[in-house]
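Worksheet: the structure to be examined is printed underneath.
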Amino acid sequence: MTDATHRRLLIAGSGIAGLSAAIYAARSNNDPLVLEGTEPGGQLTLTTDVANYPGFPEGIGGPELVQNMREQAERFGADVEHGVVEDLTRPETDGPFRVELTNGDVYTADAVIVASGASARTLGVPGEDLLMGYGVSTCATCDGAFFRGEDMLVVGGGDAAMEEANFLTKFADTVYVVHRREEFRAEDYWVDRTMEQVEAGNIELLRNTELLEIHGSKEAGVEHVTLASHPEGHPTDRLDDPATEEFDFDVGAVFLAIGHTPNTDFLAGTGVDLDADGYLRTEGGRGGGQTATGVPGLYGAGDVVDRHYQQAATAGGMGVMAALDADDYLDDLDRVEQAEPATAESDD
Ligand SMILES: Cc1cc2nc3c(=O)[nH]c(=O)nc-3n(C[C@H](O)[C@H](O)[C@H](O)COP(=O)(O)OP(=O)(O)OC[C@H]3O[C@@H](n4cnc5c(N)ncnc54)[C@H](O)[C@@H]3O)c2cc1C
């Protein structure tokens, strides 16, 4: 077995939540180690312009913002290293956590902050990777305003797709919602709001339709898309069917709203509570924050916990709360450890 390196506090994830936690944890002398995961800097590195993070009136590039945070954390003594957590366990109740990485390295830690984010699901269609951040986005709240006056396409049929489509009507000429079935999965509330916008001419529904390809370039952005439709739905399963129609469609932006997958697989061995979709469940910390899990010493922050707001500023705020909650826990642990020798002597 590889010798384990012990850390007082380990933070899984180097997005906004993890780095914000690291700044506070380092300033509280908790000697944090941040493990970057497979996406150093997290989701914000996928966007070229963050216009809504407080403190930057002209906006700031996503990679620049996370790099600044990393430097700030390191200035106060945080370590940031490559490493992907494969398995997190706690072999003895109240003992340290055991953190196994995919490269075989092992750490132990007195406390752990899980800031591993949630990955937006993508379709894997041609053009999607190339144009991500250049007209293709997984966040309408973040990027919608950049495409003011353009026709926009939203992919999806659930609550998120309806909410994003409604939001985008503020900016778009017309919002087209592409959904592979006839019926939408969204709650009645969102379907009703969407139908109001359809009646007002702001949203058009392309049912039984799927996105096959996104065309454009980094310089020009999205120029058009190729869609397929079939009267019975799921056209990509029926591409050879003569009833399937393929056609090109002009839009200036594509928003994927087909859900997120929280990165929590590595937590199975902790027995921590996850919700039905795999999001980490947290409860009030001392100050009423929402970062303490049911496992003492294990905290959660950012998009891995928060399925609703999923914004950089909210993820950062939760990272701060998690670091402060973990600091309370570690202080208590110190007090217990300092008290233990005295108790042992008095027992003799
Ligand atoms: C294209 C795009 C544009 C956006 N634009 C904006 C915007 O303009 N404004 C805004 O407020 N929000 C924006 N968002 C949303 C914002 O990026 C997220 O809300 C925020 O990044 C969440 O931060 P996080 O730290 O919780 O998670 P993430 O940023 O997802 O970071 C998760 C981190 O965990 C790591 N990780 C995952 N699994 C493991 C593991 N097993 N071991 C170790 N590490 C692991 C990853 O490598 C990553 O570093 C945008 C999102 C996208 C996708």
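Just so it is clear: in the sequence shown, position 332 is 332 by the UniProt record's numbering, and no numbers are missing. Note that the Cβ used here is the ideal one computed from N, Cα and C, for glycine as well.
Sequence-distant residues of the same chain with beta carbon closer than 6 angstroms to residue i, five excluded per side
i	result
Asn103	none
Gly278	Pro262, Thr264
Ala228	Glu210, Leu212, Pro235, Thr244, Glu246
Gly18	Ile11, Val34, Ala115
Gln72	Ile23
Gly37	Gly13, Val84
Thr226	Leu212, Glu213, Asp248
Residue i Cβ short of 7 angstroms to ligand 1 heavy atom set
i	result
Pro63	no
Gly37	yes
residue 372	Past the edges of the chain, shown from 1 to 348, lies residue 372, and the structure says nothing about it.
Ala312	yes
Phe171	no
Thr47	yes
Asn52	yes
Leu44	yes
Asn263	yes
Ala115	yes
Val254	no
Thr138	yes
Pro32	no
residue 409	The question about residue 409 has no answer here: the residues shown for the chain are numbered 1 through 348.
Ile258	no
Phe266	yes
Contacts around residue i, its chain only, beta-carbon distance under 8 angstroms, and the 5 residues preceding and following it disregarded
i	result
Gly317	Ser20
Glu118	A quick correction: the sequence has Ala, not Glu, at residue 118. Taken in chain order, the residues that qualify are His260, Thr261, Pro262, Asn263, Tyr279, Asp303, Val304, Arg307, Gln310.
residue 354	Shown here, the chain extends from 1 to 348; a query on residue 354 therefore has no answer.
Tyr108	Per the sequence presented here, residue 108 reads as Thr, with Tyr not at that position. Only Ala4, Thr5, His6, Arg7, Pro96, Phe97, Arg98, Val99 meet the Cβ criterion.
Neighbour-count burial assignment, residue i, 16 or more Cβ in a 10 Å radius
i	result
Asn52	exposed
Asp192	exposed
Ser137	buried
Asn29	exposed
His230	buried
Asp334	exposed
residue 386	What the structure shows of the chain is the stretch from 1 to 348, and residue 386 is not part of that stretch, so it cannot be assessed.
Val66	buried
Tyr189	exposed
Glu340	exposed
Thr291	buried
Leu44	buried
Glu182	exposed
Ala186	buried
Glu196	exposed
Arg148	exposed
Met1	For Met1, the pLDDT reaches just 45, beneath the cut-off of 50, and the residue's location in the model is therefore unreliable, although a value from the coordinates is still provided. Answer is exposed; the Cβ neighbour count stays below 16.
Ala150	Sequence check: residue 150 is Glu here, not Ala. Under this definition Glu150 is a buried residue.
7 angstroms CB neighbourhood of residue i in its chain, flanking five on each side removed
i	result
Phe76	Ile23, Ala26, Arg27
Glu164	Ala140, Val154, Phe255, Ala257
Glu86	Glu100, Leu101, Thr102, Phe266
Gly289	Met321, Asp325
Thr270	Leu88, Thr89, Arg90, Val295, Leu298
Complete runs of the beta strand (DSSP E) confined to the segment 242-323 [at least 3 residues]: For the segment 242-323, whole beta strand (DSSP E) runs of length 3 or above, ordered along the chain, are 245-250, 253-256, 260-262, 290-292, 298-300.
Cβ contact check for the segment 100-115 and the segment 194-203: 3 or more pairs under 8 angstroms: The segment 100-115 vs the segment 194-203: no contact.
Sufficient close CB pairs (3 or more, under 8 angstroms) joining the segment 126-141 to the segment 214-221: Touching, per the Cβ criterion.
The segment 45-65 in contact with the segment 318-326 per 3-pair CB rule at 8 angstroms: At 8 angstroms Cβ cutoff, the stretches do not touch.
Any beta strand (DSSP E) of 3 or more consecutive residues that is wholly inside the segment 28-100: Runs found: 32-35, 79-81, 85-89.
Sufficient close CB pairs (3 or more, under 8 angstroms) joining the segment 161-176 to the segment 77-96: With the cut-off at 8 angstroms, the segment 161-176 and the segment 77-96 do not touch.
Alpha helix (DSSP H) runs wholly inside the segment 137-206, at least 4 long, in chain order: Whole alpha helix (DSSP H) segments, 4+ residues: 140-143, 159-168, 188-199.
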